[in-house]
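Colleague: Here it is, the structure, as structure tokens.
There are 2 protein chains.
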Amino acid sequence: MTDAAAVIERVRQRVDPTPAERRALAAAASRLTERAEAAIAELPVAADVVQVGSTARGTWVAGDRDIDLFVRFPSDLPREQLETYGTTVGAAVLPDGHEEYAEHPYVTGTFEGYAVDLVPCYDVAAATEIKSAVDRTPFHTTYLQEHLDDGLAADVRLCKQFLKGIGVYGSDLRTQGFSGYLCELLVVEYGGFEAMLAAIEDWQPPVVIDPAAHQQASFDDPLVVVDPTDPERNVAAVVSAANVATVQHHARRFRATPSEDAFTPASPAPLDAAALRSHIDRRDTTPLAVVLDAPDVVADQLYPQLYRSRDGVVRGLREHGFDVVRAAAWADERAVVFVELASAELPAVERHVGPPVSVGTHAERFYETYADDDGVYGPFVDDDGRYVVERDRDVRTAGGFARTELGTVALGARIESRVASGDYDVYVGDAVVEALLPEFESELAAYVDPKA
Amino acid sequence: MTDAAAVIERVRQRVDPTPAERRALAAAASRLTERAEAAIAELPVAADVVQVGSTARGTWVAGDRDIDLFVRFPSDLPREQLETYGTTVGAAVLPDGHEEYAEHPYVTGTFEGYAVDLVPCYDVAAATEIKSAVDRTPFHTTYLQEHLDDGLAADVRLCKQFLKGIGVYGSDLRTQGFSGYLCELLVVEYGGFEAMLAAIEDWQPPVVIDPAAHQQASFDDPLVVVDPTDPERNVAAVVSAANVATVQHHARRFRATPSEDAFTPASPAPLDAAALRSHIDRRDTTPLAVVLDAPDVVADQLYPQLYRSRDGVVRGLREHGFDVVRAAAWADERAVVFVELASAELPAVERHVGPPVSVGTHAERFYETYADDDGVYGPFVDDDGRYVVERDRDVRTAGGFARTELGTVALGARIESRVASGDYDVYVGDAVVEALLPEFESELAAYVDPKA
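Going down the list, the sequences are from chains E and L. In this text, residue positions in the first sequence follow the numbering used here: the first is 70, and each later residue adds one. In this text, residue positions in the second sequence follow the numbering used here: the first is 70, and each later residue adds one.
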């Protein structure tokens, strides 16, 4: 047995559900389906029940206890009735459940220890004719049931555990990683987990995979996996370039040096104040933190806004002449944009380059603007023949930037409104330590020990 | 009379030689020519004497007292004999003169208060057949005598005084400005001084002027004036882009607001230590000076080496992460590369971006280099999917850079050898003040009051 095979065998023992687990889940799903069918029989409309998701496909990782049931209504049913009937069936199946809302309401609850979602959808003829995103899901299950066998399903479990271990599993907008469906398609595409790793090692982004050979749209993403049920959809649309690279890195590492580590999420020891101070001293940088109460929105809204804000703050600082070493954004009770700067203070003057002297009116206007201004050095002519002045900076400190200029940078909507009302705090240098610990002790631990 | 005409009239009174000055100069030139012809008569070879330069063309500025005589020998005369005969004639004409050496020796001395150069050259059929650069000069004089009249010659004097006033007169490699011959061609081309200013105001570099409409080479210069005596030569080759822009700036200023100031070189009051410190405080920058004894070479060798060294030091500092606000290079007894920095100190770590993870062997090698190095942060993967480490900087201070890294940057040859032997000093911050004053008090005065 190769090293890789031995490692994989040990991982299989962790991720493969036991026969008892399978039987229990199948029995629970069956009882739920019967309940749903009984409720449907009471309705003045025909509908059927399909089990979807990883537990329908046999690709769930041992210990996962999610059952997803979709109730398919005729596609000509008005939306309000679909919602009403769906809620009615949901309440009958999960009397202790509650409604949640995606594109339309669905019912979520627990049943015999399983987390159950009961989702109404339209029974359309093809995934390309869907009326709502959830209508597509049954087609995914059908496609995979046709293409997966027990061996591939087991390899999907390995793949999921691998991606969890390296921190890129999940198509939520915080992770920007790989969905379960994407794992399934990749394992099917390459014919197994190890073959998939071998293929990933050679990826040259942008990578395009089209299992059904029917791509009809072009995608500007580092990884494109055309949905076999919809030629215009990239299943990997949310996967970031960094996560594509991370998978590639770990595929290469695992193949060179197989280890169970890749299948185990890192959990760095939380960082205490002394350790954080020691890193800041060692790096001799200046940290800046913009801190606010986390906006009360779901994670898939919060994180894109937070990342956009981080990028906006970094861009703004750079445009003002600050040298950013690294930046991050985190959320817990509070949300934080954390920026590490080479220096938190700039000279009093900045070089302001104007137009080439040769551009006539425009150049003349620049010259006239500054010619009689005793507060600037110049205008003079640079080596390229452009007018230049050295003028006083508006903003000389990173803290000053964060306190007065955040309104000028691109921020996420809910963060922008907080900033507009001054409802945020700015910390610079050592003050950052007390401000962020212990709330962000895990995030800071990862920050000071960054890994591929 | 327009404002411009009134200003120009006053300048003419300063720059036009008086009839007495003209007569005296013509008489002196005539006597020198007779002496030279007498000496030639003693030689076993035929030759003639031509007066060249601005005093031959009537374009000299009042007070200039230069007479240039060229002795033209047959083009088949061996070079050693040309040199011997030239020196013989020179010694006869200027018994108190001494030899200098350009492409070949010539004699320079004084005669009745005039500075006289007596230069041997070959009498070739056309400027394109020259054997040495000086052979071209008589053709320039012939061309201009055909194209200049008294009015244009007077406007050439205005042009020269204007370019002197704004600091761009002289084709030496320190100034990188306009030669007298170039002034003459421009005034002829545009038909007068004011017409020239009007044309310059509209220049869109690169500007190409070809008086004889015979250009045969292409030139990568911001200003091209094809020599009417040589289709492959750009008379304006040494003029820098900055000087083209400077002329354009002042042409525009003069036409908008005529003033005699443009015809008067600026002479800023020398800067004392208190004033320099006050500027440094006000700008809140850190000055750095690399100082050495000026290499003992002529200015046309020294300044290109000095400018190259300045550019090399600036590039090196930037490559090491320093933010350079402005830089300069000056020479007197000592030579100095002066650099003004936003900050003289950088963080302990620097971001070192490696290859994209996807590039296989190259990426793997980068990862392996740092994977087990406890001294770095990372390797991790950046947003673009590249490996990154944050590693300790080799050089954290600008002074350290100047003391240990100058050998790694492009320097002028004679400065490079000084640096190689450690024969230079580095000053940072306030120490620069005492180190550079009073020797560079004028240069520093101009530096802290930069003008177009």
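Beta carbons are placed, not taken as given, at the ideal position from N, Cα and C, and that holds for glycine. Note that this is a predicted model, so its numbers are computed, not measured.
#1: For a minimum of 4 consecutive residues, which ranges assigned as the alpha helix (DSSP H) are wholly contained in the region 178 to 245 of chain L?
#2: Grab me the residues of leucine 506 of chain E's own chain with a C-beta within less than 8 angstroms of its C-beta, minus the 5 sequence neighbours each way, in chain order.
#3: For leucine 475 of chain E, which option in E:Arg483, E:Gly381 and E:Asp401 has the closest C-alpha, if you only look at C-alpha atoms?
#4: Please report the distance separating the alpha-carbon of glutamate 488 of chain L from that of valine 313 of chain E.
#5: Compute the distance between the beta-carbons of tyrosine 212 of chain L and proline 147 of chain L, then report whether it is under 9 angstroms.
#6: Using a Cβ cut-off of 7 angstroms, pull out every chain L residue sitting near arginine 321 of chain E, in sequence order please.
#7: Taking 9 angstroms as the CB-CB limit, is tryptophan 272 of chain L close to chain E?
#8: I want to verify the contact list: residues of chain L whose CB lies under 7 angstroms from the CB of arginine 352 of chain E, in sequence order.
#9: If you reduce the DSSP assignment to three classes, tell me which class tyrosine 493 of chain E lands in.
#10: Does the CB of tyrosine 456 of chain L have a neighbour CB from chain E at under 9 angstroms?
#11: Lysine 69 of chain E touches chain L at which residues, Cβ-Cβ below 7 angstroms?
#12: From which residue to which residue does the beta strand (DSSP E) around histidine 167 of chain E run?
#13: Let me make sure I understand the geometry here. Which of L:Gly249, L:Ile235 and L:Gln374 has the alpha-carbon closest to that of aspartate 133 of chain L?
#14: Valine 426 of chain L to leucine 251 of chain E, Cα distance in whole Å?
#15: Output the distance between the C-alpha atoms of valine 308 of chain L and aspartate 290 of chain L, rounded to the nearest integer angstrom.
#16: Below 8 angstroms on the Cβ atoms is my guess for alanine 411 of chain E versus threonine 354 of chain E; work out the distance and round it to an integer in Å.
#17: Compute the Euclidean distance between the alpha carbons of proline 88 of chain E and valine 76 of chain E, then round it to the nearest angstrom.
#18: Here's the rule: buried if 16 or more other CB atoms are within 10 angstroms of the residue's CB, otherwise exposed. What is glycine 182 of chain E?
#19: Going along chain L, which residues have a C-beta under 9 angstroms from aspartate 463 of chain E?
#20: What are the boundary residues of the beta strand (DSSP E) that includes aspartate 117 of chain L?
#21: Quick test of your reading: alanine 105 of chain L and leucine 138 of chain L, contact by CB under 8 angstroms. State the CB separation rounded to the nearest angstrom.
#22: On the three-pair Cβ rule with 8 angstroms, is the region 418 to 432 of chain E touching the region 356 to 376 of chain E?
#23: Straight-line CA distance for alanine 161 of chain E to lysine 200 of chain E?
#24: Below 7 angstroms on C-beta distance, what does glutamine 317 of chain E contact in chain L?
#25: Below 8 angstroms, how does it come out for the region 229 to 248 of chain L and the region 186 to 198 of chain L: are there three or more Cβ pairs, yes or no?
#26: Using the C-alpha atoms, what's the distance from tyrosine 456 of chain E back to phenylalanine 435 of chain E?
#27: Which residue comes first and which comes last in the beta strand (DSSP E) that contains alanine 358 of chain L?
#28: Check threonine 55 of chain L in the structure and name its three-state DSSP category.
#29: Going by Cα to Cα distance, which pick from L:Val497, L:Thr157 and L:Thr102 is closest to proline 113 of chain L?
#30: For the region 348 to 368 of chain L against the region 446 to 465 of chain L, do three or more pairs of beta-carbon atoms, one drawn from each stretch, fall closer than 8 angstroms, so that the two count as touching?
#31: Buried or exposed: proline 356 of chain E, going by 16 or more other Cβ atoms within 10 Å of its Cβ?
#32: What do you get for threonine 124 of chain E, buried or exposed, if any count of 16 or more other CB atoms within 10 angstroms of its CB means buried?
#33: Mind pulling the chain L residues with CB within less than 7 angstroms of aspartate 165 of chain E?
#34: With a threshold of 9 angstroms between beta carbons, is alanine 311 of chain L in contact with chain E?
#35: Around the C-beta of glutamine 273 of chain E, are 16 or more other C-beta atoms found within 10 angstroms, so that it is buried, or is it exposed?
#36: In terms of residues, what are the limits of the alpha helix (DSSP H) holding leucine 163 of chain L?
Modeller: Quick answer:
#1: The DSSP assignment places complete alpha helix (DSSP H) segments of no fewer than 4 residues inside the region 178 to 245 of chain L at 206 to 216 and 219 to 234, in order along the chain.
#2: Same-chain partners within the cutoff: Leu340, Asp341, Ala342, Leu345 and Leu513.
#3: Ranked by Cα distance from leucine 475 of chain E, the options E:Arg483, E:Gly381 and E:Asp401 are led by E:Gly381.
#4: The question names glutamate, but residue 488 of chain L in the sequence shown is valine. Just so you know, the alpha carbons of valine 488 of chain L and valine 313 of chain E end up roughly 48 angstroms apart.
#5: In this structure, proline 147 of chain L does not lie closer than 9 angstroms to tyrosine 212 of chain L by Cβ.
#6: What arginine 321 of chain E touches in chain L: Glu433.
#7: Output row for tryptophan 272 of chain L: interface = yes.
#8: The contacting residues are Pro416, Ala417 and Val418.
#9: It is coil, neither helix nor strand.
#10: It does: the Cβ of tyrosine 456 of chain L has a partner Cβ on chain E nearer than 9 angstroms.
#11: Residue numbering for chain E in the displayed model covers 70 to 521; residue 69 of chain E lies beyond these limits and cannot be assessed.
#12: Where histidine 167 of chain E is concerned, the enclosing beta strand (DSSP E) stretches over 167 to 170.
#13: Proximity to aspartate 133 of chain L across L:Gly249, L:Ile235 and L:Gln374 peaks at L:Gly249, based on C-alpha coordinates.
#14: Taking the straight line joining both Cα atoms gives about 21 angstroms.
#15: So the alpha carbons of these two residues sit roughly 8 angstroms apart.
#16: Here alanine 411 of chain E really is in contact with threonine 354 of chain E; their C-beta atoms are around 6 angstroms apart, less than 8 angstroms.
#17: So the alpha carbons of these two residues sit roughly 22 angstroms apart.
#18: Exposed, because fewer than 16 other Cβ atoms sit within 10 Å of the Cβ of glycine 182 of chain E.
#19: For aspartate 463 of chain E, no chain L residue has a Cβ inside 9 angstroms of its Cβ, as the nearest lies near 15 angstroms away.
#20: Looking at the DSSP string, the run of the beta strand (DSSP E) that includes aspartate 117 of chain L is 117 to 121.
#21: Their Cβ separation, rounded to whole angstroms, is 6 angstroms, which keeps alanine 105 of chain L and leucine 138 of chain L in contact under 8 angstroms.
#22: No, the region 418 to 432 of chain E does not touch the region 356 to 376 of chain E.
#23: Rounded to the nearest whole angstrom, the C-alpha separation of alanine 161 of chain E and lysine 200 of chain E is 25 angstroms.
#24: Chain L residues near glutamine 317 of chain E: Val426 and Ser427.
#25: Between the region 229 to 248 of chain L and the region 186 to 198 of chain L, the count of Cβ pairs shorter than 8 angstroms is below three; the stretches do not touch.
#26: The alpha-carbon atoms of phenylalanine 435 of chain E and tyrosine 456 of chain E are separated by roughly 8 angstroms.
#27: For alanine 358 of chain L, the enclosing beta strand (DSSP E) covers residues 355 to 362.
#28: With chain L represented from 70 up to 521, any question about residue 55 of chain L goes unanswered, as that position is not in the structure.
#29: Comparing alpha-carbon positions, the option among L:Val497, L:Thr157 and L:Thr102 lying closest to proline 113 of chain L turns out to be L:Thr157.
#30: No, they do not touch.
#31: The residue is buried, with at least 16 neighbouring Cβ atoms inside 10 Å.
#32: Per the 10 Å Cβ criterion, buried.
#33: By Cβ distance, chain L contributes nothing, its closest Cβ being about 44 angstroms from aspartate 165 of chain E, past 7 angstroms.
#34: Chain E, which has a Cβ nearer than 9 angstroms to the Cβ of alanine 311 of chain L, makes this yes.
#35: Its Cβ having fewer than 16 others within 10 Å, glutamine 273 of chain E is exposed.
#36: Secondary structure note for leucine 163 of chain L: it is in no alpha helix (DSSP H), with a DSSP letter that is neither H nor E.
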